[in-house]
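From first to last, the protein sequence lines are chains X and B.
Read in order, the letters of the first sequence are residues 0 to 376 in numbering that gives the first Met the number 0.
Read in order, the letters of the second sequence are residues 0 to 376 in numbering that gives the first Met the number 0.
Reviewing the structure listed below.
Protein chains: 2
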Amino acid sequence: MRDDNVTNQNSPLDRFIAVIPAGGVGTRLWPLSRAAAPKFLHDLTGSGSTLLRATYDRLEPLAGKQVLVVTGTAHRTAVCSQLPELQDSDLVLESEPKDSGAAIGLAAAILHQRDPDTIMGSFAADHVISPDDLFQDTVREAIHTAAAGKIVTIGIKPTHPSTGFGYIRSGRNLAVPLAPNAQAVVEFVEKPSEEVAQEYVDSGDYVWNAGMFVAPVALMLKHLEANQPELFKGLLEIARAWDGPERDEVTARVWPTLPKIAIDYAVAEPAAAAGDVAVVPGLFRWDDVGDFASVGRLNSAKEVRDVTVLGEGARVFTENASGVVVSDTKRVIALIGIKDVVIVDTPDALLVTTKAHSQRVKAAVDALKASGDTDVL
Amino acid sequence: MRDDNVTNQNSPLDRFIAVIPAGGVGTRLWPLSRAAAPKFLHDLTGSGSTLLRATYDRLEPLAGKQVLVVTGTAHRTAVCSQLPELQDSDLVLESEPKDSGAAIGLAAAILHQRDPDTIMGSFAADHVISPDDLFQDTVREAIHTAAAGKIVTIGIKPTHPSTGFGYIRSGRNLAVPLAPNAQAVVEFVEKPSEEVAQEYVDSGDYVWNAGMFVAPVALMLKHLEANQPELFKGLLEIARAWDGPERDEVTARVWPTLPKIAIDYAVAEPAAAAGDVAVVPGLFRWDDVGDFASVGRLNSAKEVRDVTVLGEGARVFTENASGVVVSDTKRVIALIGIKDVVIVDTPDALLVTTKAHSQRVKAAVDALKASGDTDVL
Numbered sequence: 000m001r002d003d004n005v006t007n008q009n010s011p012l013d014r015f016i017a018v019i020p021a022g023g024v025g026t027r028l029w030p031l032s033r034a035a036a037p038k039f040l041h042d043l044t045g046s047g048s049t050l051l052r053a054t055y056d057r058l059e060p061l062a063g064k065q066v067l068v069v070t071g072t073a074h075r076t077a078v079c080s081q082l083p084e085l086q087d088s089d090l091v092l093e094s095e096p097k098d099s100g101a102a103i104g105l106a107a108a109i110l111h112q113r114d115p116d117t118i119m120g121s122f123a124a125d126h127v128i129s130p131d132d133l134f135q136d137t138v139r140e141a142i143h144t145a146a147a148g149k150i151v152t153i154g155i156k157p158t159h160p161s162t163g164f165g166y167i168r169s170g171r172n173l174a175v176p177l178a179p180n181a182q183a184v185v186e187f188v189e190k191p192s193e194e195v196a197q198e199y200v201d202s203g204d205y206v207w208n209a210g211m212f213v214a215p216v217a218l219m220l221k222h223l224e225a226n227q228p229e230l231f232k233g234l235l236e237i238a239r240a241w242d243g244p245e246r247d248e249v250t251a252r253v254w255p256t257l258p259k260i261a262i263d264y265a266v267a268e269p270a271a272a273a274g275d276v277a278v279v280p281g282l283f284r285w286d287d288v289g290d291f292a293s294v295g296r297l298n299s300a301k302e303v304r305d306v307t308v309l310g311e312g313a314r315v316f317t318e319n320a321s322g323v324v325v326s327d328t329k330r331v332i333a334l335i336g337i338k339d340v341v342i343v344d345t346p347d348a349l350l351v352t353t354k355a356h357s358q359r360v361k362a363a364v365d366a367l368k369a370s371g372d373t374d375v376l
Numbered sequence: 000m001r002d003d004n005v006t007n008q009n010s011p012l013d014r015f016i017a018v019i020p021a022g023g024v025g026t027r028l029w030p031l032s033r034a035a036a037p038k039f040l041h042d043l044t045g046s047g048s049t050l051l052r053a054t055y056d057r058l059e060p061l062a063g064k065q066v067l068v069v070t071g072t073a074h075r076t077a078v079c080s081q082l083p084e085l086q087d088s089d090l091v092l093e094s095e096p097k098d099s100g101a102a103i104g105l106a107a108a109i110l111h112q113r114d115p116d117t118i119m120g121s122f123a124a125d126h127v128i129s130p131d132d133l134f135q136d137t138v139r140e141a142i143h144t145a146a147a148g149k150i151v152t153i154g155i156k157p158t159h160p161s162t163g164f165g166y167i168r169s170g171r172n173l174a175v176p177l178a179p180n181a182q183a184v185v186e187f188v189e190k191p192s193e194e195v196a197q198e199y200v201d202s203g204d205y206v207w208n209a210g211m212f213v214a215p216v217a218l219m220l221k222h223l224e225a226n227q228p229e230l231f232k233g234l235l236e237i238a239r240a241w242d243g244p245e246r247d248e249v250t251a252r253v254w255p256t257l258p259k260i261a262i263d264y265a266v267a268e269p270a271a272a273a274g275d276v277a278v279v280p281g282l283f284r285w286d287d288v289g290d291f292a293s294v295g296r297l298n299s300a301k302e303v304r305d306v307t308v309l310g311e312g313a314r315v316f317t318e319n320a321s322g323v324v325v326s327d328t329k330r331v332i333a334l335i336g337i338k339d340v341v342i343v344d345t346p347d348a349l350l351v352t353t354k355a356h357s358q359r360v361k362a363a364v365d366a367l368k369a370s371g372d373t374d375v376l
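The following block contains the structure:
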C-alpha cells in the first residue's frame, strides 16, 4: 500500500508505476553470481533480503503494488518466489536478452497501453541504496518533475572521482513545484579518466549516472519513436497484444527481431540533447555492487578480525589475514597470513583474488567461457 | 624379491628387515592431510603412488617382502589396500599412539623375538627420496656398518642452512668393509638458529638428521633397556606374546601403560654418547614434505603458468598468479592477481595461505581444535 501522503487526489504520485529490470548476471561477482543465480537473487549486504526483494520493498511506499518486473524467462520461478505479491500482469518475461532499450521500452509501451498518463520509474534490481526514506524523497521529486514533462534521471552526488561510472552534467534549476532540486541536464558523459573525474567532482556540476530514471511513458515512447523507429514499432506491436490472447504469438515472432541497444542511447542521450531531460540529485548512499571489493565495503560490520565474512553457514578462521570471504558452502575456510584477499567459495567453483584485482573477475569468466567450462558460469 | 647382489651367502644384507613407521597426521599439510587421511596416504609428488607405497617400493630391493609396518588400528584398511603384499605378521597395529620410542621399540622387540640376529632399518612412511638407487646404496653401507656393531643413522648432506631439522655431527671414518663412508657420530644437535646452521653447513662436519637408522635389533634393545627400563620391560612382554594366542590380551593390558618418548631420546642420543652410533651420509635428495611450500617444490613440473597444480580432477584457471594449488575436488578454481599463494581445496575445508606462511598451518589446526571444529581435522 502507498504511504498516505502520496495518495492525495490528483497527485502525479498516483500515476506512478515502478519498473524493475531484473537482468544482468553480474559477471564480476562470479562465481557467486552466475547465469542461473544472477546478482539480484543474492543477499549481498547481509540484510537477510535479496537485492531484488530489497529493491521492491524500497519502492513499495511509492508504488504500492503497482510494480512491473522485467526479467528473463529462466528467472520466473526465482523472481516469483522472492516477490509472491506479483500478479501475472506485473511480470514481463524476456525469452532472450535484448539490452535495456527493449526491456525498458517494452515496459513503457505496455504501461502506456494500459494507461497513457502513467509515470514510470525504472530502478535496477541489483543496486544497494540507503537510507530508504532519502531515496523515496528523491524519487518523489523526480515524479513531480516528470509530471512537468521531463525524463528525470536520479544522479548520485559523487563521493570520490570514480572512473567506473558515467557522469551527468547538470544545469539550471528548473523551479518545478514540489521538486526544489530538479535541474536541467546539459549532457551525459562517458566514464572519464581519473583526472577528468576529479575536475567533475571539484566543479560540483556533475553527478554519477546511476541508471535510474522517472518519466511519463508517453514521453519515453515519443523519444524512442524518434530515435529508434524500428525498435519502437516492434515494441508497440508486442504491447498492443500483451494483455490479449495473442501475446505469445506476437512476442515470439517480434521480440527476436528487435535491435539491441541500451536505453541510454535509445532515449536518454537524444532526449537530453532535445532539452527534455532533468536530473534530481540523490543524497542517499548508492552502490551498484560492481565487484567483491564493493561487497566487502557494504558488509564491513561483519568482520572476523580483519576479514569481512558473508554467508550464513560460513566457518572462517583467520590468522594475520584481511579481506573478504563470501561463503556459499558450509566448509571450513582457514586464512593464514594473506592480506586484502577476496575468496568466494561456492559448491562448484572457487575464486581467490585480491580487492585490487576484483574488477578482473570478468576476464576470468571470459577465459572460462572460451575454454568451454561453461558449467560453472 | 631382493636383488641378486644382496642375497650372497652370509651377507648381513640377508638379515635385513625394513620397518616402516606409518604414523603422524602431517598437521602442517591440513586440510589435505588429517587424522582420517594422514600424510603417508597421499600422493604428494604426483608420482601416482602414495608416500607409503613409494617408501615400500624403495625398500623392496633391499628387504624383499621382509617388511614390518607399524601404524594405527584406524589405518589398517588403508595401509593394507596400499600394500596388498603385507601378511598379517608384517603389520603392527597400535591401539593408541605412543610416540616413536614405543613404536620402533616394539618392532625391534618383535623382530628380536623372531630372530635375534636381525638387522632392522627404520624409514618413515611419509618422506620423499630420489633417486632410489642412491638411497639403496646408502642403506647397504648402513647395513654393513650395523653388522659391525653400530646403530647407524643415515644423514642427509645439507643443501641449505635449514633451521627446521636437527643435525648430526660426524667424526672419524670407521673403516668398515663395504661401507667406505661410515663415520662415527660425535653428537646429535637440536634444530639450530640460522647463524649456527650456516656454521654447520660451512664446516662440512654436519648432516641433517632424517630420522632414518639401521641397527642390529639386539643393540637397539640393549640401549633401550639401559635407558628406558620400564618401556623395555613392557615392550618385551608384548613381543613375547606377539606371535602367540595371548597377543591381544597382553597388548591391551600393557600398551596403554607405556611411557611416551621419542626414539631419539630413548635410544639414539644415549647410544651416541656411549660411542655406539655411526652415520652414513646420504647423497640422495630427501624431503620430509613438511609444508605446502615443499609440496610446491616437489611438483614444480606441473605448472599452469606460474601455479603448481596437484590433484587429478583439478580445473585451475590463473591470471597473473603464482603459487601452489592442491585440489582434492573437481571444482573450478580461479586465481587472479595473487602471488605465492597456497590453496588447498578439499570437500569440507579450504586453506588459503602463502608459501611464506605455510609453516603456520599447524597453528590454524590448533585453533580449529580449540574451537571444537574437529570434524575437519
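A virtual CB, placed ideally from N, CA and C, is assigned to each residue, including glycine.
Min CB distance residue i to chain X below 7 Å
i, result
"isoleucine 150 of chain B", "no"
"glycine 336 of chain B", "yes"
"alanine 174 of chain B", "no"
"alanine 366 of chain B", "yes"
"threonine 373 of chain B", "no"
"isoleucine 342 of chain B", "yes"
"threonine 54 of chain B", "no"
Proximity test, Cβ basis, 7 Å: residue i and chain B
i, result
"leucine 349 of chain X", "yes"
"phenylalanine 316 of chain X", "yes"
"valine 5 of chain X", "Bear in mind that the predicted position of valine 5 of chain X carries a pLDDT of just 46, short of 50, making it too unreliable to give a figure here."
"threonine 352 of chain X", "yes"
For residue j and residue i, the rounded distance between their alpha carbons
i, j, result
"proline 130 of chain X", "alanine 21 of chain X", "21 Å"
"lysine 38 of chain X", "leucine 31 of chain X", "8 Å"
"valine 106 of chain X", "serine 161 of chain X", "Note that residue 106 of chain X is alanine in the sequence shown, not valine. Their backbone Cα atoms lie some 31 Å apart in a straight line."
"methionine 0 of chain X", "alanine 124 of chain X", "Residue confidence for methionine 0 of chain X is low, a pLDDT of 48 falling below 50, so the modelled location carries little weight and cannot support an answer."
"glycine 274 of chain B", "glycine 243 of chain B", "36 Å"
"asparagine 226 of chain B", "proline 269 of chain B", "7 Å"
"glycine 322 of chain X", "phenylalanine 291 of chain X", "10 Å"
"glycine 23 of chain X", "glutamate 186 of chain X", "26 Å"
"arginine 252 of chain B", "leucine 220 of chain B", "21 Å"
"alanine 34 of chain X", "leucine 376 of chain X", "6 Å"
"arginine 359 of chain X", "aspartate 365 of chain X", "10 Å"
"isoleucine 237 of chain X", "aspartate 247 of chain X", "9 Å"
"arginine 139 of chain X", "glycine 120 of chain X", "10 Å"
"serine 80 of chain B", "phenylalanine 122 of chain B", "20 Å"
"alanine 196 of chain B", "arginine 168 of chain B", "12 Å"
"valine 276 of chain X", "leucine 218 of chain X", "10 Å"
"threonine 144 of chain B", "alanine 62 of chain B", "17 Å"
"alanine 17 of chain X", "leucine 40 of chain X", "19 Å"
Inter-residue CB distance, residue i and residue j (contact presumed, cutoff 8 Å)
i, j, result
"isoleucine 142 of chain X", "isoleucine 118 of chain X", "6 Å"
"proline 258 of chain X", "leucine 230 of chain X", "5 Å"
"glutamine 65 of chain B", "phenylalanine 15 of chain B", "7 Å"
"isoleucine 150 of chain X", "threonine 137 of chain X", "Not confirmed; about 16 Å, so no contact."
"lysine 329 of chain B", "glycine 312 of chain B", "4 Å"
"alanine 261 of chain B", "serine 99 of chain B", "5 Å"
"arginine 285 of chain X", "histidine 126 of chain X", "The sequence shown places tryptophan at residue 285 of chain X, rather than the arginine named in the question. Confirmed, about 6 Å."
"glycine 310 of chain B", "serine 293 of chain B", "The Cβ separation is near 16 Å, so there is no contact."
Closer than 6 Å: residue i CB and nearest the ligand FMN heavy atom
i, result
"proline 30 of chain B", "No copy of the ligand FMN occurs in the structure displayed, which carries no ligand at all."
I'd like to know if the region 332-351 of chain B and the region 349-357 of chain X are in contact, where contact means that at least 3 CB-CB pairs between them fall below 8 Å. yes
Quick one, which residues of the region 300-313 of chain X are near chain B if we go by CB-CB under 9 Å, in chain order? none
The region 201-214 of chain X touching the region 156-175 of chain X, judged by at least three CB pairs closer than 8 Å: yes
Please determine if the region 58-70 of chain B and the region 87-94 of chain B are in contact, where contact requires at least 3 C-beta pairs separated by less than 8 Å. yes
Stretch pair the region 110-118 of chain B + the region 164-183 of chain B: three plus CB contacts closer than 8 Å: no
I'd like to know if the region 151-158 of chain B and the region 82-89 of chain B are in contact, where contact means that at least 3 CB-CB pairs between them fall below 8 Å. no
When you check each C-beta in the region 17-31 of chain B against every C-beta of chain X, which residues fall closer than 9 Å? Trp29 and Pro30
What residues in the region 320-332 of chain B bring their beta carbon closer than 7 Å to a beta carbon of chain X? Arg330, Val331 and Ile332
What are the residues of the region 354-365 of chain B that lie near chain X, defined by any Cβ-Cβ distance shorter than 9 Å? Ala355, His356, Ser357, Arg359, Val360, Ala362, Ala363 and Val364
Any contact of the region 279-299 of chain X with the region 39-47 of chain X, i.e. 3+ C-beta pairs under 8 Å? yes
Listed in chain order, which residues of the region 37-52 of chain X have Cβ atoms closer than 8 Å to some Cβ of chain B? none
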